[in-house]
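Residue numbers (the working numbering): 39 to 314.
See below:
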């Protein structure tokens, strides 16, 4: 099995992608949705060019409370569109500059209800998961995706209440697998950058409040879910807002120390997903 994986890697095919794509439907074409902050974000000139890797953004139904619960999440302008697409494209630019990953210049919104499409995208990123509410079928699809070799990174949720909402759906994804702390020696913190000395990365609200935390999320927590072989399948970034650090990385008002760490974490997580 290790020999086969080395051959696949030598041919330029990410191992996790090879494991996922087993005669599934063709990938959905690139598509855009209106976001909360951006409705007509300019496309990069090479957006239609093919590449070997794409950043997939998870679409999900929000928990049904307040005015947000009444929107059709499948049409955009929902919690999953926070920072979208600006943060995604900034991270992609960094990956192109700092690694040899052949990354598509635009992201791909992925709906778990779209047949087998999720299996075409080995790296899945979700934001504001303290507001999600996966259906049983979506939870089952996400579990199968992860056990086949997919990787899910989630970010931008804060405090006790949002953690409980997030954990409720994760228990439907993996009722038999615990969420644990990721130790500093884990490879995910050492794939490209050594990230032993991490700190809380705040969202853009820091520019107004000067606080790195939101709600009662005083301490940044790096947690995860592992498979039976010790591979990290789910990387949970709680009490931090890496998406904002990507989104505002080109704005001089946002402190460089937070943008730098947020982007390094993103690079490490993507590289880990492609090599483990």
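For glycine and all other residues, C-beta sits at the position ideal for the given N, C-alpha and C. Note that the structure is predicted; figures quoted are calculated from it, not measured.
Chain-order list of residues whose beta-carbon lies under 7 Å from that of residue i (same chain, five-residue window excluded)
| i | result |
| --- | --- |
| residue 233 | 227, 302, 303 and 306 |
| residue 266 | none |
| residue 300 | 239, 280, 283 and 284 |
CA nearest to the CA of residue i, picked from the options
| i | options | result |
| --- | --- | --- |
| residue 77 | 120, 85 and 290 | 120 |
| residue 297 | 310, 282 and 140 | 282 |
| residue 245 | 173, 231, 204 and 294 | 294 |
| residue 67 | 170, 144, 114 and 194 | 144 |
| residue 90 | 134, 285 and 110 | 134 |
| residue 229 | 309, 146, 71 and 284 | 309 |
| residue 215 | 118, 257 and 261 | 261 |
| residue 225 | 270, 287 and 95 | 270 |
| residue 198 | 265, 128 and 252 | 252 |
| residue 94 | 277, 165, 221 and 177 | 165 |
| residue 286 | 112, 84, 82 and 129 | 129 |
| residue 96 | 81, 79 and 122 | 122 |
| residue 147 | 140, 138 and 158 | 158 |
| residue 7 | 126, 124 and 98 | Past the boundaries of the shown model lies residue 7; the chain is included only from 39 to 314, so the question cannot be answered. |
Residues near residue i by beta carbon distance below 8 Å, same chain, minus five either side
| i | result |
| --- | --- |
| residue 87 | 142 and 143 |
| residue 115 | 71, 72, 73, 74 and 109 |
| residue 169 | 100, 101, 106, 117, 195, 200 and 203 |
| residue 136 | 230 and 305 |
Sheet register partners of residue i (DSSP bridge)
| i | result |
| --- | --- |
| residue 146 | 94 |
| residue 264 | 270 |
| residue 276 | 259 |
Within 7 Å, strictly: CB atoms of residue i and residue j
| i | j | result |
| --- | --- | --- |
| residue 180 | residue 218 | no |
Proximal residues to residue i (C-beta, below 6 Å), its chain only, five neighbours per side dropped
| i | result |
| --- | --- |
| residue 61 | With a pLDDT of only 45 at residue 61, under the threshold of 50, the placement of this residue in the model should not be trusted, and no figure is reported. |
| residue 314 | 269 |
Contact with chain C by residue i, beta-carbon distance below 7 Å
| i | result |
| --- | --- |
| residue 186 | Looking at the structure shown, chain C is missing, and only one protein chain is on hand. |
Next item on the list: Kindly provide the ranges of any beta strand (DSSP E) runs that are 3 or more residues long and lie completely inside the stretch 155 to 209, ordered along the chain.
Entry: Whole beta strand (DSSP E) segments, 3+ residues: 161 to 165 and 189 to 193.
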